[in-house]
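Here is the structure we will look at, set down as structure tokens.
2 protein chains.
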Amino acid sequence: MSKKKLTMKEIAAAVDVSVMTVSNVINGRDHLVGEETKRRVKAAIDELGYRPSATARALRSSRMFSIGFIVLYDERKFLGDPFIAALADGLCAQLAEQGYSLTIQGVFTDELSEAKAFRRMETDGLCLLLSGSQPTKYNLRELLKSLRQPIVLFQEGVQRAEPDICSIRQDDRGGGRLLAEHVVSRGARSVLVVVPQVEWPAISERVGGVREALHARPGVEMRVLVSESEKDADVQAALTNYLDQGGKPDAILAANDQMAIAAHTVLEQRGLTLPDQIMLTGFNRFNFWRYFSPKVTTVISPAEQLGRTAATALTRRIDDGEFEDRDIVLPVELVQGQTT
Amino acid sequence: MSKKKLTMKEIAAAVDVSVMTVSNVINGRDHLVGEETKRRVKAAIDELGYRPSATARALRSSRMFSIGFIVLYDERKFLGDPFIAALADGLCAQLAEQGYSLTIQGVFTDELSEAKAFRRMETDGLCLLLSGSQPTKYNLRELLKSLRQPIVLFQEGVQRAEPDICSIRQDDRGGGRLLAEHVVSRGARSVLVVVPQVEWPAISERVGGVREALHARPGVEMRVLVSESEKDADVQAALTNYLDQGGKPDAILAANDQMAIAAHTVLEQRGLTLPDQIMLTGFNRFNFWRYFSPKVTTVISPAEQLGRTAATALTRRIDDGEFEDRDIVLPVELVQGQTT
DNA sequence: CTGAAAGCGCTTACAG
DNA sequence: CTGAAAGCGCTTACAG
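Chain order of the listed sequences is A and B.
If you're matching positions, the first sequence starts at 1 in full-length UniProt numbering and goes up one per residue.
If you're matching positions, the second sequence starts at 1 in full-length UniProt numbering and goes up one per residue.
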């Protein structure tokens with residue numbers, strides 16, 4: 001194996017053709033190269049172990065074959081969050097299949113203003129998972145437009161007149177509907193929805209779905225309990241307070257599995273038996289779900305599939321010049337556990 | 001905001017200096033630029049919203065400011081695995097701080113031979129998490145050498161005479177020792193270590209640590225139970241079989257938390273109470289750990305810190321030309337749960 | 001089907 | 001302290 005880095009020039013010299021021809025062979029422009037020449041060039045490439053410089057290609061053709069994934073987060077979780085990890089996993093797997101690589105970047109919400117992260121990214125497209133309050137998000141939108149890259153936004157609502165942004169999300173509304181119908185069909189007449197204070201679009205959708213389903217059932221009462229955050233202690237404090245004040249829901253629909261599990265501790269302490277005296281549901285069924293007993297009735301998040309879908313949508317967009325579909329919603333599925 | 005992409009040329013023209021001077025300002029070569037010139041260049045950059053092309057810089061200087069993370073895996077887990085996710089998280093966070101980006105790539109063990117993943121990577125350094133059997137790993141080593149990039153290997157033993165490979169791992173041996181000493185100090189006289197058949201170096205180390213600690217305690221018996229895989233069903237089958245044949249360990253030390261939790265089901269079915277009749281320990285304490293009851297005594301994995309350490313080691317290596325330390329071991333910490 | 005020339009946007013290595 | 005020239009390794013746009 002030689003010391004120096006090989007270039008097209010060396011290959012061209014070895015086969016005695018021009019670099020142009022080598023380039024054509026490498027890029028599969030078969031109609032521009034003779035059968036025999038092609039064979040000889042390929043042989044030389046294999047033999048000498050040449051690999052093209054992606055950097056040089058990128059500089060000249062402004063195609064990077066690389067997608068960026070930027071995650072905005074408040075707390076210390078990022079890839080520790082199972083949703084984010086699953087998204088990244090799906091993205092990575094699908095992009096690899098299409099010959100793209102994935103560059104990941106976590107950005108703290110308050111560092112956003114500098115937006116160094118974005119500016120450094122030299123990619124053909126960007127995937128974004130936002131978080132934080134709406135005003136921050138608004139500034140972000142402005143920023144995104146200035147990047148002139150196709151963008152996939154995860155778990156956000158449809159975009160207005162922004163043609164180069166594609167929204168990909170799971171059917172949170174449908175999930176809310178499924179869960180509400182499920183507990184009602186099992187006898188619930190009063191439902192308590194527990195949500196964190198921060199307004200994630202996904203969570204609003206879930207609540208919206210519950211409301212929609214219950215509208216069709218005039219006899220069923222729905223209340224919303226807002227906990228300060230999605231942390232266990234906050235959820236438990238809010239629920240304890242609610243029950244102390246005489247609240248007696250037939251079913252508690254938590255905004256996600258973690259919150260449902262936190263709520264379960266309170267119910268257990270009070271000696272409430274599930275599902276007889278009270279029902280409980282979560283949302284998402286990530287990996288940790290199976291370690292908790294009882295198994296909480298929940299809805300399966302297609303998180304990895306969201307990532308794969310994003311990869312496909314973006315690479316198509318890069319090839320075709322526009323997004324085929326700018327609002328993609330993936331279905332969720334109810335899983336009955338032991339709590340309903 | 002202009003349509004066309006800005007280059008250094010435009011900035012240079014705007015301030016009426018040469019591109020060379022703009023380049024010097026951007027790269028902080030302050031001794032080469034006058035105070036006043038520098039100020040004016042910076043003003044123009046801000047005003048016009050110029051950002052340098054990382055690609056062009058990379059082509060010319062062969063510095064990518066990018067690190068690759070390649071994960072070899074057999075099963076469908078990749079970033080779904082909490083260890084991998086934590087590693088990636090730490091890497092990403094620390095690299096971002098140092099102005100580097102992270103490119104992630106998952107590679108199936110059996111696709112390794114093609115090694116396309118590696119060849120495509122244009123990075124300044126590589127982090128690797130291997131898996132699979134030893135022979136595969138051996139081929140890999142050969143491959144790594146041919147890449148001519150500094151490499152960090154996670155959770156592998158020290159490398160022989162390979163100067164540009166740095167091993168970073170947690171103190172699995174020490175963790176094994178801690179757990180063994182702990183159960184012995186609480187009265188265990190016979191210890192059963194449960195490991196999966198696949199030989200991960202990290203797991204061999206854990207077993208080695210247990211053996212080491214028990215050597216110092218002549219009265220204590222140690223046995224090793226090999227389960228076909230680390231899957232729940234396999235662990236449970238192996239343990240059931242062992243107990244059926246009359247095995248009566250005082251303590252079961254599982255190779256990790258998942259396996260400990262799987263084992264717990266078997267102990268529970270048999271009506272064994274923990275920790276009185278039998279003790280149980282795991283390893284790693286990832287996020288899911290807290291969802292299981294009882295809390296299993298375990299050891300905290302510094303996984304995220306391993307990632308951060310890798311980032312620091314690699315960027316230093318890139319700047320200094322060689323690794324400062326080629327075998328870095330991070331400490332683990334015992335957490336007593338309710339099972340010992 | 002094949003190739004010589006120009007250039008992507010920077011940095012290196014010089015000369016002033 | 002400042003700048004003109006060359007070149008990193010490819011692809012684009014042409015001419016034959």
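Using N, Cα and C, we set each Cβ at its ideal position, and we do this for glycine too.
Under 8 angstroms between C-beta atoms of residue i and residue j
i, j, result
"residue 182 of chain A", "residue 330 of chain A", "no"
"residue 106 of chain A", "residue 54 of chain B", "no"
"residue 128 of chain A", "residue 307 of chain A", "no"
"residue 279 of chain A", "residue 240 of chain A", "no"
"residue 220 of chain A", "residue 193 of chain A", "no"
"residue 292 of chain A", "residue 82 of chain A", "no"
"residue 90 of chain A", "residue 314 of chain A", "no"
"residue 214 of chain A", "residue 191 of chain A", "yes"
"residue 79 of chain A", "residue 130 of chain A", "no"
"residue 141 of chain B", "residue 155 of chain B", "no"
"residue 206 of chain B", "residue 172 of chain B", "yes"
"residue 19 of chain B", "residue 41 of chain B", "no"
"residue 277 of chain A", "residue 229 of chain A", "no"
"residue 236 of chain B", "residue 266 of chain B", "yes"
"residue 59 of chain B", "residue 59 of chain A", "yes"
"residue 332 of chain A", "residue 175 of chain A", "yes"
"residue 288 of chain A", "residue 108 of chain B", "no"
Listed by chain order, chain B residues near residue i by CB distance under 7 angstroms
i, result
"residue 291 of chain A", "261, 288, 291, 292"
"residue 58 of chain A", "55"
Minimum C-alpha distance to residue i - residue among the options
i, options, result
"residue 152 of chain A", "A:328, A:336, A:339", "A:328"
"residue 233 of chain B", "B:91, B:224, B:264, B:205", "B:264"
"residue 283 of chain B", "B:85, B:315, B:195", "B:195"
"residue 99 of chain B", "B:78, B:84, B:63", "B:63"
"residue 248 of chain B", "B:272, B:254, B:122", "B:272"
"residue 268 of chain A", "A:243, A:229, A:165", "A:243"
"residue 322 of chain A", "A:149, A:168, A:205", "A:149"
"residue 157 of chain A", "A:204, A:144, A:216, A:123", "A:204"
"residue 43 of chain B", "B:59, B:25, B:167", "B:25"
"residue 358 of chain A", "A:310, A:21, A:319", "What is shown of chain A runs 1 to 340, which leaves residue 358 of chain A out entirely."
"residue 254 of chain A", "A:277, A:276, A:281, A:198", "A:281"
"residue 49 of chain B", "B:18, B:7, B:121", "B:7"
"residue 326 of chain B", "B:229, B:9, B:163, B:276", "B:163"
"residue 121 of chain B", "A:103, A:304, A:94", "A:103"
"residue 94 of chain A", "A:338, A:332, A:304", "A:304"
"residue 179 of chain A", "A:212, A:319, A:147, A:200", "A:212"
"residue 337 of chain B", "B:316, B:274, B:312", "B:274"
"residue 189 of chain A", "A:23, A:252, A:11", "A:252"
"residue 187 of chain A", "A:320, A:208, A:217, A:147", "A:217"
"residue 9 of chain B", "B:52, B:184, B:200, B:31", "B:52"
"residue 256 of chain A", "A:146, A:200, A:270, A:47", "A:200"
"residue 146 of chain A", "B:290, B:312, B:302, B:5", "B:5"
Contact set between residue i and chain A, taken where Cβ atoms lie within less than 8 angstroms
i, result
"residue 105 of chain B", "92, 96, 101, 102"
Partners in chain B for residue i, counting only beta-carbon separations shorter than 8 angstroms
i, result
"residue 122 of chain A", "53, 54, 55"
Residue i Cβ short of 7 angstroms to the ligand GTP heavy atom set
i, result
"residue 106 of chain B", "This structure lacks the ligand GTP, and indeed carries no ligand of any kind."
Determine which residues of the region 231-247 of chain B have a Cβ less than 7 angstroms from any Cβ of chain A, and write them out in chain order.
-> none
Does the region 283-298 of chain B come close enough to the region 251-270 of chain B to have 3 or more Cβ pairs within less than 8 angstroms?
-> yes
Can you give me, in chain order, the residues of the region 74-91 of chain A that have a beta carbon less than 7 angstroms from any beta carbon in chain B?
-> 78, 79, 80, 85, 86, 88, 89
Spell out a yes or no on whether the region 57-72 of chain B and the region 32-46 of chain B are touching, meaning 3 or more CB-CB pairs, one atom from each, closer than 8 angstroms.
-> no
Going along the chain, which residues of the region 308-336 of chain B sit with their C-beta nearer than 9 angstroms to a C-beta in chain A?
-> none
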